[in-house]
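Worksheet: one structure, shown below.
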Amino acid sequence: MKATGIVRRIDELGRVVVPKEIRRTLRIREGDPLEIFTDRDGGVILKKYSPIRELTSFASEYTESLQQTIGNIIIICDRDNIISVSGIIKKEYLERKVSTELEKIMEDRKSLSFGEGSNKVIALFQDEESHNKYSCQIISPILSEGDVIGAVIIASKVQDKKFGEMELKLAETAASFLGKQMEA
122 MKATGIVRRI DELGRVVVPK EIRRTLRIRE GDPLEIFTDR DGGVILKKYS PIRELTSFAS
182 EYTESLQQTI GNIIIICDRD NIISVSGIIK KEYLERKVST ELEKIMEDRK SLSFGEGSNK
242 VIALFQDEES HNKYSCQIIS PILSEGDVIG AVIIASKVQD KKFGEMELKL AETAASFLGK
302 QMEA
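Numbered according to the numbering used here, the sequence shown terminates at residue 305, and the numbering increases by one at each position without gaps.
This is the structure in structure tokens:
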């Protein structure tokens, strides 16, 4: 554990305020679920909870299947990190923090297609150089019980490739399926 030097008191209802600086650094937003752990020394540990992480092995199999079927890059992320990748070198993507642009698309709750006209492709993770990296992308947010919990991304590096209605529907179907798995 890393000490922050910040001390907070628990109120009469048992609540404690997590300082704004820590929430910003850890990307904890209002309404985000936190897991509570205790250690042997009597410490309390709060960890950001990602419901879609429970499906990591399932998501990996799903990305492999989808990638083998359509031949494009398939990525699944939660609201903070990339958790499953197929069709590219995994170690370059797995556990990378999602980009601000991708985070905004998830928050907007709409599937988007990039790569044609003014819709330039976006960086998928922080510090990624997206210029000339992808020719096209489709991003479809995963919703579970009304909350955004991640996104399904279909991307291609093949020059002059364009995604159509089929790829958009595949991404939306995958996102809907994963969201429903979380509700079950």
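Built from N, CA and C at the ideal position, the CB exists for glycine as well.
So, are the CB atoms of V273 and A244 less than 8 Å apart?
Here residue 273 is taken as the residue at index 152 of the sequence shown, counted from 1. Here residue 244 is taken as the residue at index 123 of the sequence shown, counted from 1. No. Outside cutoff.
Based on the DSSP output, what are the partners of F235 in its beta bridges?
Locating residue 235 in the sequence shown gives position 114, counting from the first residue. Bridge partners of F235: Q258.
Since E156 sits in a beta bridge, which residues does DSSP pair it with?
Looking up residue 156 in the sequence shown gives position 35. Paired residue(s): K168.
Are the CB atoms of T190 and S205 nearer to each other than 8 Å?
Indexing the sequence shown from 1 puts residue 190 at position 69. Indexing the sequence shown from 1 puts residue 205 at position 84. No, Cβ-Cβ distance for T190 and S205 is not below 8 Å.
How many angstroms separate the CA atom of V138 from the CA atom of R130?
The count along the sequence shown starts at 1 and reaches residue 138 at position 17. The count along the sequence shown starts at 1 and reaches residue 130 at position 9. Distance between the alpha carbons of V138 and R130: 8 Å.
Pull up the distance between the alpha-carbon of S178 and that of D248, whole angstroms please.
By one-based count along the sequence shown, residue 178 stands at place 57. By one-based count along the sequence shown, residue 248 stands at place 127. Answer to the nearest angstrom: the Cα atoms are 26 Å apart.
Would a C-beta distance cut-off of 8 Å place S277 and Y255 closer than the cut-off?
On the sequence shown, position 156 is the one that residue 277 refers to. On the sequence shown, position 134 is the one that residue 255 refers to. A contact, by the Cβ cut-off of 8 Å.
DSSP three-state label for K218, please.
Indexing the sequence shown from 1 puts residue 218 at position 97. Strand, per DSSP.
Alpha carbon to alpha carbon, how far is V269 from E286? Give it in angstroms, no decimals.
Translated into positions along the sequence shown, residue 286 becomes position 165. Translated into positions along the sequence shown, residue 269 becomes position 148. Each residue's Cα considered, the two are about 23 Å apart.
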